[in-house]
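Engineer: Everything in the sequence shown is counted per the UniProt record's numbering, starting at 1 for the first residue and increasing by one.
All C-beta atoms, glycine included, are put in the ideal place defined by N, C-alpha and C.
Once you've had a glance at the structure underneath, I'll fire off some questions.
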Amino acid sequence: MPACVKHATEHHFVPEEANVHIVHLYGEPALPSKESLLPFFKRHKVMSTTRSDYMYNLIMLEVPKSKYLGVLGADGTLVGSIKLVIRPSNLPCYKMSESSI
C-alpha cells in the first residue's frame, strides 16, 4: 500500500508551475504617466497592472514567464526624466528594528 500511495502522490499531485511572474516597478521620484509607460508594457507583453494602495510610486506587473528576465533586465530604464526600478516580487521585505532608528 505505501508504494501505491507514493506512486500516486509523485505522479498525480505535482503542482502546476505558474505561467506568469509578478514584478514590482517603482518610479523614482514618481511613476510616469500611463501613456508614457504603454510602449514599455507592450514591449514586455505585460498582462496586467495593479497600482499599490500603500506606495504612490509602485505598480505590480504580471508578465509572461518568457519575458520575465527581459523585464528584470530593464532595471534603470529612463522614461522621460523618471528612472524605473524593477524588482522581483519574491524578494523578502526587511523592516528596520526600533533600536536602529
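Is it right to say leucine 91 is buried, meaning 16 or more other beta carbons lie within 10 angstroms of its own, or is it exposed?
Structural biologist: Looking at its Cβ environment, which holds fewer than 16 other Cβ atoms inside 10 Å, leucine 91 is exposed.
Engineer: Going residue by residue through the stretch 43-96, where are the continuous alpha helix (DSSP H) segments of at least 4 residues, counting only ones entirely within it?
Structural biologist: Listed in chain order, the complete alpha helix (DSSP H) runs (minimum 4 residues) inside the stretch 43-96 are 68-73.
Engineer: Nearest CA to the CA of tyrosine 68: which residue from His7, Asn19, Lys6, Glu10?
Structural biologist: The candidate whose alpha carbon is nearest that of tyrosine 68 is Asn19.
Engineer: In the DSSP assignment, find the alpha helix (DSSP H) that holds glutamate 10 and state where it starts and stops.
Structural biologist: Run containing glutamate 10: 2-12, per the alpha helix (DSSP H) assignment.
Engineer: Would you mind reading off the limits of the beta strand (DSSP E) that contains leucine 25?
Structural biologist: Per DSSP, leucine 25 belongs to the beta strand (DSSP E) from 20-28.
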